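Since the structure comes first, as C-alpha cells, the remarks are kept for the end.
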Ligand code: HEM
C-alpha cells in the first residue's frame, strides 16, 4: 500500500493520525477497506451534487425541528401570539402555528429560514448539478439509468418544495394553491374530479393541509431518500467520471481515495454548506408569512410569486394568451393546459430520455468514463444553452410585474416582448453557442499544432515581427488530446449501389442527416502525423528565436 | 349633508371646507371659529384662483371645468388638490401614462389656496383634519385585514406597490404620510378606486393608516428584507449570493487539491 502512504503523507497532520488509527482497527475488514480505497476524481463541478446532498440533509434536520410545532390543521382559531398586527385575527391553526414558530418558539424563525433557504439551495444545486452532468456528457452509457433517477429527483424536489411552500396557509401560498387547483381542473375530463378528490371537496376545503403535510414530510422525502441512496450507490458502483488529462483513461480513475482524504474534504464541505445556509438564514428574511396574513379567498396581493423553481411555470402561465375552446359542453382551458401541463410534460420527458436520443442520433453505443469538455460537443452544448434560455425567458416572465415596477416599464409590453423572445432567443442561443464551441475547438487545435502564444514579440533580422509560440504543457496537451472525435453516421442511402430502394434507407438517411448535424462541424484533433510535423516546426521556431538573440 | 340642509349658508360652508384644515362636519360644529376662517378663505380663494389661472387652467380650463388636456375639477374637493399638488403630481409636466410624484412646486399656503379655490367651484371631499388622522386608538389588526382586502391587490401586502396594466403602477406606500393615505382613499387618484366613508368608515381608514404606519416602522424580524418584494428577490439572492458563494468555495477547494 505504498500509494496509500504517499497520499497520507500528503494529507499529513491530524487527518492522517485519525486515518491511521482507524486503518489499524479496520484492517481486518477487507470489504470495508476496499470501499475506503475507492478513488474519487477531483473537480469543483463534481461538488455540485454534494451541495444538493448536503442541502437535503439540512432540510431533513431543520424540517424535523419544525414538525415539533407545526399543526397541519385548517381548524379556525383566533391568533393570540406576540405579533401585534395580527392579534385577534381569525386564521387556520396551520397559519397560527407557523406564526408561533416565527415569533414564540425559541430559534423557530431561524429554523424556518434555514429550512426555506435550504429548500431553495436544494433545488438550485440539483439543477446546476444536472447542467454539469449534461454539459459534460456524464449521462452517456453506462450512466443513463442514473440520469433518469436524477430527473425523477428533480421533479420530486420541485414538488416537495411546492408542498412545503403551501403548508403555512398564508395569503401567498393560498394564492399558489388556488392556481394549482385551477391547473388540476384544467386536465381534460378528469380535472374536476381529481381536484375534488385532492382537496376533499370545494377549494380550499378542510382536509388539504393535513394531506399535503403527509405528502411533504413522509411520502416525498421517503421517495427522495430512497432515490438519492440509489443514485449514490450507482455513482459509487460505476465509479465517477473524470475529465481527460494526463494519465486519465477510460479505464482508470485518478483522484483521491474515499478515505481519508475524500471523506475529510466532503465532511468539511458539508459544514461549509451548512454554515453558509445558516448564515444566510440568520441574516436574510425568507417568506415573511406575517406580512401576507392568513389565506382568505377574497384577498389577493400584487407581486404574488412562487419560489424560484416554480417561477418558470408561473411565467409560462403569464405568457400564454387567454385561449379556451368549448368542446361538447366542456371548456378546455388551453391557457392553463399548455403552460402548466404540456410544456413541463415535454420538458421533463425530453430531459429524461435525452441520453437515448443522443445515443440514437450519434450511433455512439460505447461506454464513456472520460467526460466531454462542453466545447467538444457543440451541438449538445448548444441544445443545453437553448433549453436554458427558453427556461430563462419563462422565468423572467414569472417576475414581469416586479420588473415592470422596478424598471418603470409597461407590463403589457414586457409580456409581448417575452412572447416574441421566447421563440427568438433560444434558437439564437443555439447558433451562437455552437459557433463559440467550434471556435474554441479551432483554437485548441491551433494550440496543439502551433503551441500557445507567449505574448513575446520578436523582430526577425529581415525586419518581420513574429510572436513567439511555445508548446503547451504536457498536462494541457493531454487535456486537448482527450477530445473524443466521432465521425457522423454513414448509414445506407435511400437506394443501394445498384439503384434498388433500400428498405431501411429512408429512416437511415434521415438519421445520418441528424448525425451529420450533430457531428458534422467537428474540428478534429490533429492526427499523429500532423502533430509530428507541427512539433518539428515548433522546435524550429524556438530555434530561430535563440539565434535571433 | 350638513351642507344641503343649510342651503343659504352653502357658500360660507363651502369656503370653510376649502380652508384646507377643517372637514365639513368640523366646520358645522365649531360655529364660533367658522366666520373667521371664512373671511380668511375669501382672500385665499382669490389667491388660489389666480394661482390656478396661471398654472392649471391650460389643462383644467379657466373655470376648472376641464378641457381635452385635463379632467374637470368641479367636485373633486380640496383633498384631491392637496393630494395631487402636495405630492408634486400636479401640475402635470406633459402627457404621461401616470403623473409621477415629485417635490411640490408650491408652498404649503399656495397649496391651501389652490385647494380652497377648487373646493369653492364645487363641493367634494375635504382635506382631513388632524383629528381624523389620529390613529392611537385605531385597531391595528382590523387595519391589516382591511388593507389586504381592499388595497393589497394593487399595492401588495407589504405596501411596496405593484404594476398595473399599460405601464401604470400602484406606488410604494412606505413613504406616504397619514394625510396622503387618507386623501388617496377619499379621492381615488387615477386608477385607484374611491373609498368613500360608506365603504370604509373614518375609523376603518384610521385603522388602515395605523397598519401602514406600523409596516413603515417595522424592523424586519427575520433580517434583511430584500426589499420585501417576495420570492423574486429571494430567488435572485439565492443564485447570486448563496449559490455563488458555495461555488466559489467549491472552486477554491478544487484548486487547493491540485
Ligand atoms: C436529490 C437530488 C440529487 C442529489 C442529492 C444528487 C447527488 C449526486 C452526487 C453527490 C453525485 C456525485 C458527485 C457529482 O458528480 O456531482 C451525483 C452524480 C450524478 N448525478 Fe446526481 N444528484 C441529484 C440529482 C440529479 C439530477 C436531477 C440528475 C440529472 C437528471 C442527476 C444525474 C447524475 C448523474 C448522471 C451522476 C453521475 C455523474 C458522474 O459520474 O460524472 N442527479 N449526484
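Protein chains in written order, with the numbering used here: chain P, -5 to 543; chain C, 28 to 285. Glycine residues also receive a C-beta, built at the ideal position from the N, C-alpha and C atoms. This structure is a prediction, so every number in the text was calculated from the model and none was measured.
Can you name, in chain order, every residue of its own chain whose Cβ lies under 8 Å from the Cβ of residue 220 (chain C), other than the five neighbours on each side?
Closer than 8 Å at the Cβ level, and outside the excluded window around residue 220 (chain C), lies no residue.
Counting C-beta neighbours from all protein chains within 10 Å, is the total for residue 206 (chain P) 16 or more, i.e. buried, or is it exposed?
Residue 206 (chain P) should be labelled buried.
Please confirm whether residue 74 (chain P) has its beta-carbon closer than 8 Å to some beta-carbon of chain C.
Taking Cβ atoms only, chain C never reaches closer than 8 Å to residue 74 (chain P), which makes this a no.
By DSSP's criteria, residue 460 (chain P) is part of a beta bridge. Which residues make up the other side?
DSSP output for residue 460 (chain P) lists P:452 as bridge partner(s).
Identify the contact partners of residue 182 (chain C) in chain P, using a Cβ-Cβ distance below 9 Å as the criterion.
Result: 295, 296.
Residue ranges of each beta strand (DSSP E) run of no fewer than 3 residues wholly in the stretch 314 to 398 of chain P, ordered along the chain?
Here the runs fully enclosed are 319 to 321, 324 to 326.
Using 10 angstroms around the beta-carbon of residue 484 (chain P), count the other beta-carbons present and answer buried if the total reaches 16, otherwise exposed.
The residue is exposed, with fewer than 16 neighbouring Cβ atoms inside 10 Å.
In its own chain, which residues sit with a C-beta less than 6 Å from the C-beta of residue 508 (chain P), not counting the 5 before and 5 after it?
Cβ within range, chain order: 355.
Mind checking if residue 116 (chain C) is an interface residue toward chain P, Cβ cutoff 8 Å exclusive?
No, no contact with chain P.
Using the C-alpha atoms, what's the distance from residue 148 (chain P) back to residue 64 (chain P)?
Their backbone Cα atoms lie some 26 Å apart in a straight line.
When DSSP labels each residue in this structure, what does residue 84 (chain P) get in the three-state scheme?
Residue state, collapsed to three classes: strand.
Please state whether DSSP places residue 447 (chain P) in a helix, a strand or coil.
Correct three-state label for residue 447 (chain P): strand.
Quick one, which of C:237, C:252, C:124, C:84 has its alpha-carbon nearest residue 216 (chain C)'s?
The residue with the shortest Cα to Cα distance from residue 216 (chain C) is C:124.
For a contact meaning CB atoms closer than 9 Å, what does residue 165 (chain P) contact in chain C?
Simply 175, 179, 184.
Tell me which residue opens and which closes the beta strand (DSSP E) that residue 70 (chain P) is part of.
Its beta strand (DSSP E) spans residues 70 to 72.
So which residues of chain P does residue 239 (chain C) contact, with C-beta pairs closer than 8 Å?
Here the premise fails: no neighbours, minimum Cβ distance about 11 Å.
Just curious, the alpha helix (DSSP H) that residue 109 (chain C) is in, first and last residue?
Unbroken alpha helix (DSSP H) run through residue 109 (chain C): 104 to 113.
Over the uninterrupted alpha helix (DSSP H) stretch that includes residue 237 (chain C), give me the two end residues.
229 to 244 is the extent of the alpha helix (DSSP H) around residue 237 (chain C).
Determine, for residue 78 (chain P), whether the minimum Cβ-Cβ distance to residues of chain C falls below 8 Å.
Yes, residue 78 (chain P) counts as interfacial toward chain C.
Enumerate, from N- to C-terminal direction, the unbroken alpha helix (DSSP H) stretches of 4 or more residues contained entirely within the stretch 191 to 263 of chain P.
Entirely contained in the stretch 191 to 263 of chain P, the alpha helix (DSSP H) runs reaching 4 residues are, in chain order, 202 to 208, 214 to 232.
Does residue 34 (chain P) come out as helix, strand or coil in the three-state DSSP assignment?
Strand.
At a Cβ threshold of 8 Å, is residue 406 (chain P) touching chain C?
True, the Cβ-Cβ gap to chain C drops below 8 Å.
Considering residue 204 (chain C), what are the terminal residues of the alpha helix (DSSP H) in which it resides?
Neither: residue 204 (chain C) is in no alpha helix (DSSP H) and is coded neither H nor E.
Answer with yes or no whether the minimum CB distance from residue 115 (chain P) to chain D is below 8 Å.
Structure shown: chain D not included; protein chains present are P and C.
At a CB distance below 9 Å, what residues from the stretch 33 to 55 of chain P approach chain C? Give them in sequence order.
Taking 9 Å as the Cβ-Cβ cut-off against chain C, the residues of the stretch 33 to 55 of chain P that qualify are 36, 37, 38, 39, 40, 41, 42, 44, 45.
Would you report the Cα separation of residue 382 (chain P) and residue 52 (chain P), rounded to the nearest angstrom?
Their backbone Cα atoms lie some 28 Å apart in a straight line.
Looking at residue 38 (chain P) and residue 280 (chain P), is the spacing between their C-beta atoms short of 8 Å?
Not in contact: residue 280 (chain P) and residue 38 (chain P) (Cβ atoms no closer than 8 Å).
For residue 75 (chain C), is the classification buried or exposed, using 16 other Cβ atoms within 10 angstroms of its Cβ as the cut-off for buried?
Buried.
Please list the terminal residues of the continuous alpha helix (DSSP H) segment that includes residue 54 (chain P).
Per DSSP, residue 54 (chain P) belongs to the alpha helix (DSSP H) from 42 to 61.
List, in order along the chain, the chain P residues whose C-beta lies closer than 9 Å to that of residue 210 (chain C)?
The contacting residues do not exist; residue 210 (chain C) stays about 21 Å from chain P at best.
Output needed in chain order: residues of the stretch 220 to 253 of chain C with a Cβ under 7 Å from some Cβ in chain P.
Those would be 238, 241, 247, 248, 249, 250, 251, 252, 253, in chain order.
Can you tell me the Cα-Cα spacing of residue 149 (chain C) and residue 103 (chain C), whole angstroms?
Roughly 8 Å between the two C-alpha positions.
For residue 104 (chain P), which residues of its own chain have a beta-carbon under 7 Å away from its beta-carbon, when the five flanking residues on both sides are left out?
Contacts found: 275, 276.
Rank P:83, P:199, P:271, P:482 by C-alpha distance to the C-alpha of residue 353 (chain P) and give the top, closest one.
The shortest Cα separation from residue 353 (chain P) among P:83, P:199, P:271, P:482 belongs to P:482.
Could you name the residues of the same chain whose beta carbon sits closer than 6 Å to that of residue 362 (chain P), not counting the 5 residues immediately before and after it, in chain order?
Taken in chain order, the residues that qualify are 134.
Quick check on the burial criterion: 16 or more other C-beta atoms within 10 angstroms. Buried or exposed for residue 255 (chain C)?
Residue 255 (chain C) comes out buried.
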